[in-house]
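Take a look at the structure below.
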Amino acid sequence: MKKIKIVLLVILSLGVFSCSEFLDEEYLAGANTEQYYTSPSGMESLIAACYVTSKIWFAQEEGYDFSTAGTDIYDYGQQHPQQYQYTFTTDFNPTNSRLVVLWVEFYRGINACNDAIDILSDPDRTPFTEEKTRVRLSEVRFLRAVYNWIIVETWGGVHLTTEPVKGVVLEANKTPVSGFYDLILEDLNFAVANLTDGDNMASSDFGRVTKMGALAFRSRMNLTWGYYSGDNSFLTAAANDAEMVIGSGDFSLWDNYADMWKLENNDNNPENIWAINYSRTEYAAMNVDPSNYQIYQRDGDKPWDDREGGHLGHLMFGMQYDVLQGMTRTVEYGRPFRRYNPTMYLIDAFHEDVDERFYGSFQTTWIANNPDTTRLKWPRAGWHEDPNDAEYFGKPIVVPGDTCIFFYKGVFPATDTLIEDEIIQNYIWNYNRNFWCLDHSHMFNADGTIRGERTNDRNLCFALSKFNDEGRPAANGTGSQRGIRDAYVVRYAEMFLNAAEAQWKTGNSTGAYNHLITLANKRSYNGNGAALLASYGINSGSDLTLDFFLDERAREFCGEQLRWFDLKRTGTIVDRMKKYAGNPSARANFSEKFTVRPIPQIQIDATGDPSYQNPGY
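Here my numbering is used: the first residue of the sequence shown is 1149, the next is one more, and so on.
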C-alpha cells in the first residue's frame, strides 16, 4: 500500500490537477522545482495549484461535513457514512479519515501558496512583468488567507507557516489564533491594496480573485476578528469593506430569491462576488490518488475519491423520492445521497408566508413522473378496497403531472387519513389528497430533534433545492454526480448582513436596520422589507439581537458552508448545539472541546508528540 511521505503532511510527490481554463496545470513540491517555476508557464501552473485546493472544500462532501452539518441547522442523513461525526461521542477522534484528507490537502495548498509567494516576491526571480506579478501575488496571498482561515477555524492554533517546504519538515509549531488572523489580514490587506478594479475581469479569468472579492472576504475576516479580539476597530473595518462593495455598483440583489439558484443564471449571477469555478471545465477534480488515503480509513468508512469533480451539493441534501410509486429518478429531481437533514430550528426559522427564501431554498413538492405506476396497487390488508379491481386496494391514483409527494411545514388536519406504508416504513399516503406526504409531526420530535426511530426517518426531509443541477448529463451512473454550477463563496447579500451586524455591534443600530431593510425588501414577496422584518420581531434597530442575526444568516445562507464559522465567530456554538442540534446525543455531548476538531493521528505520530493534539482528544 502506498504511503504518504510527510511530516506536516506536505506531499512531496507529483500531483496532477485539472480545473478550468486557467487551472489546468500541475504542482510539483520539492527541492528541484525552482527552474520549472521561474518560467512563465511553470509559474502559471503553480498559481493554478494554489487555486485547486479550494476544490477539496467548497461544494464538496468533506467541506459540507465540517462547515454545514453538525451545527444547529443540519444534522446527518440516513446515508451519511460517518454519522458519529455528528453525535459527538468518543468515536469522533483523531482517526477520522475525512479530517486526514482536509489536513493533508490544506497544508499542501498552503505550501503551494508559500512557494508562489516566495518566487513572486523576488524581482530577480519572478518570470512575469511587474504588473502581472502584482496581480498574481495578490491572488495567491488571498488564497493563503482563505486556507489559513479554514485551518484555524477547524483545528485552532496549529501550524502556521510562511516558508515554502523544499523537503521534509521535522517539527510542527503551535501558533495562537491571533497569529493566524494577523497573517490572514496582512495577506488580504495586500490583495486589496494591489488589485485594481479591472484585474481578472475578463471572462477567461472567471474564478480568479478580484478586488471586490478581496474586499468582501476581508469584510468577513474583519467581522470575525472583531468578535474574537473585542476590538471594535475591526468591526468598523468590516462595515466599511462591505459598504465599499455595496457602493461599487458591480452587484445587485435578485427580486426573486429562487432566481439566484436557477442554473441558467449561474454564469452571470449579479449576487456572486467570488466563486469556485466548476461551470467552465470538464471535470474540476482534485485527481488525488484515493490509495493515498485508504490506509487511514476505518472499517465502515466510505472510501475517498474525487467523485468526478464538480459541484456536489446537489447530491448531499436530497431525500429518497425515487422509491415511491409514481416517481422515478430523473436529472431534474436529482440523485439523492441523503447525507444531511435540516433541523427543526432551521425549518421553523422561516416565515414562509412573507419570506420568499423558504420556497426559494427548499423543495416541498414532487410531480409524478413515472407513467408505469400511474395506477397504484396496494395488496395489503386494511386499505379501502375498490370493488371494481381485485388487485387495487384503496384510492391512490397518480397521474403524471399531478402532485405525487408533498411535504408540509404544518400538521395535516385530523380529518385526513394518513396511511403508513407497511413495506417502505415511514412513507405515508394521504388517502384524502392522493399524494405521499410528510408533515412537521412526522419529521421532528416534540423537543425539536429529528425523528430517527423508524427505518426511513432520515431518508425524508425538506430537500435543499439551491444546488439542484439539471445540467448533469445523466440521472444515474457516469455523469450523474458531477454538478456544473459554481460554488458561491462570497455573495452580495453577505455584505448587507456583515455591515448591519458590525454596525449593530458597535452601537449604530439605525445604520444596521437600514442595511437590513435593503436586503429584506428583496427577500419579501411584495417588496415590503419592513413587514418582513416585523414578522421576525424587528421593527427598528433597537429590536436587533444576536439571535436575530444568526437566524437571518441561517435563512439566507443555509447550506452555503458558513454556519460553523458564524457560530464560532459569535461564541454561540455550544449553547445553540445544546438547544437546536438535530440528535439527542449531540445536545447532550457537545462541549467546548468540539469547537476545534481533532488533529489527525498521522500528524501526531509524525511529530512524535502526543501533547500536540487538541485538548480532549
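Glycine included, every Cβ here is placed at the ideal spot set by N, Cα and C.
Distance between residue j and residue i (C-alpha atoms, nearest Å)
i       : j       : result
HIS1590 : MET1467 : 15 Å
LEU1171 : GLU1419 : In this prediction, LEU1171 has a pLDDT of 44, which is less than 50 and means its spatial position is unreliable; nothing more can be read from the coordinates.
TRP1251 : THR1243 : 12 Å
ALA1293 : ALA1196 : 16 Å
MET1408 : GLY1756 : 49 Å
GLU1301 : THR1743 : 8 Å
GLN1208 : GLU1253 : 13 Å
MET1369 : ASN1517 : 46 Å
VAL1547 : SER1613 : 24 Å
CYS1395 : ASN1646 : Sequence inspection shows Gly at residue 1395; the Cys mentioned does not correspond to that position. Their Cα atoms are separated by approximately 14 Å.
ILE1204 : PRO1490 : 23 Å
ARG1477 : ASP1520 : 13 Å
TYR1329 : TRP1373 : 7 Å
LEU1343 : PHE1510 : 38 Å
LEU1472 : TRP1514 : 11 Å
ALA1641 : ALA1754 : 43 Å
THR1718 : ASP1569 : 44 Å
ARG1639 : GLY1764 : 36 Å
ALA1623 : VAL1200 : 27 Å
ASN1674 : ALA1668 : 10 Å
GLN1651 : HIS1663 : 10 Å
ALA1217 : GLN1629 : 20 Å
HIS1499 : SER1683 : 7 Å
SER1215 : TYR1493 : 17 Å
PHE1592 : ASN1296 : 37 Å
CYS1198 : GLY1257 : 6 Å
LYS1359 : ASP1347 : 7 Å
LEU1608 : GLY1190 : 49 Å
ARG1620 : TYR1376 : 42 Å
ASP1398 : ASN1417 : 11 Å
SER1202 : LEU1247 : 15 Å
ILE1576 : GLY1625 : 29 Å
Integer-rounded CB distance, given that residue j should sit under 8 Å from residue i
i       : j       : result
GLN1709 : TYR1212 : 7 Å
ARG1486 : GLY1730 : Contact doesn't hold; Cβ gap of about 14 Å is too wide.
ASP1503 : ARG1671 : 6 Å
ASN1737 : THR1237 : 6 Å
PHE1615 : GLY1461 : 3 Å
ASN1259 : PRO1188 : Not really, about 21 Å apart at Cβ, beyond 8 Å.
LEU1694 : ASP1220 : Not really, about 13 Å apart at Cβ, beyond 8 Å.
ILE1495 : PHE1610 : 6 Å
ARG1745 : TRP1303 : 6 Å
PHE1560 : THR1512 : Going by Cβ atoms, the distance from PHE1560 to THR1512 rounds to 13 Å, so no, they are not a contact pair.
VAL1479 : GLU1618 : 5 Å
TYR1579 : THR1563 : TYR1579 to THR1563, Cβ: 11 Å. No contact.
GLY1627 : ASP1587 : Not really, about 35 Å apart at Cβ, beyond 8 Å.
Test item: CB-CB of residue i and residue j under 7 Å
i       : j       : result
CYS1123 : GLY1474 : The displayed coordinates of the chain run from 1149 to 1765. Any statement about residue 1123 would go beyond what the structure contains.
ARG1703 : ALA1406 : no
ALA1734 : TYR1232 : no
LEU1363 : ASP1389 : yes
GLY1361 : ILE1298 : no
ASN1414 : ASP1595 : no
PHE1465 : TYR1488 : yes
PHE1240 : VAL1637 : no
ARG1366 : LEU1401 : no
GLN1598 : ASP1223 : The residue you asked about is not Gln; residue 1598 is Ile in the sequence shown. Yes; because the gap between Cβ atoms is below 7 Å, this pair is in contact.
GLY1707 : GLY1458 : no
Short CB-CB distance (under 7 Å) between residue i and chain C
i       : result
ALA1611 : As a matter of chain content, chain C is missing from the structure shown, which is built from one protein chain.
Three or more C-beta pairs below 8 Å linking the region 1296 to 1313 and the region 1268 to 1286: The region 1296 to 1313 is not in contact with the region 1268 to 1286.
Could you tell me whether the region 1646 to 1656 touches the region 1688 to 1704, where touching means 3 or more Cβ pairs closer than 8 Å? Verdict: yes, contact present.
Can you give, in chain order, each stretch of the alpha helix (DSSP H) that sits fully within the region 1677 to 1713 and has at least 4 residues? The qualifying runs are 1677 to 1683, 1694 to 1705.
Between the region 1190 to 1206 and the region 1263 to 1274, are three or more C-beta pairs nearer than 8 Å? Touching, yes.
So does the region 1283 to 1300 actually touch the region 1725 to 1739, counting three or more Cβ pairs closer than 8 Å? Short answer: they don't touch.
Stretch-stretch touch, CB-based, cutoff 8 Å, three pairs: the region 1349 to 1358 with the region 1420 to 1427: Yes, the region 1349 to 1358 touches the region 1420 to 1427.
Would you call the region 1604 to 1622 and the region 1382 to 1397 in contact, with 3 or more CB pairs under 8 Å? No: the two stretches stay apart, fewer than three of their Cβ pairs being nearer than 8 Å.
At 3 residues or longer, what runs of the beta strand (DSSP E) sit wholly inside the region 1285 to 1317? The qualifying runs do not exist here; there are none.
Let me know the beta strand (DSSP E) ranges lying completely inside the region 1215 to 1240, each 3 residues or longer, listed in chain order. Whole beta strand (DSSP E) segments, 3+ residues: 1222 to 1224.
As an exercise, report each continuous beta strand (DSSP E) stretch of at least 3 residues that is fully enclosed by the region 1635 to 1671, in chain order. Counting whole runs of 3 or more residues, the region 1635 to 1671 contains the beta strand (DSSP E) stretches 1635 to 1639.
Segments of 3+ residues assigned as beta strand (DSSP E) that fall wholly inside the region 1555 to 1639: For the region 1555 to 1639, whole beta strand (DSSP E) runs of length 3 or above, ordered along the chain, are 1566 to 1568, 1576 to 1578, 1583 to 1587, 1635 to 1639.
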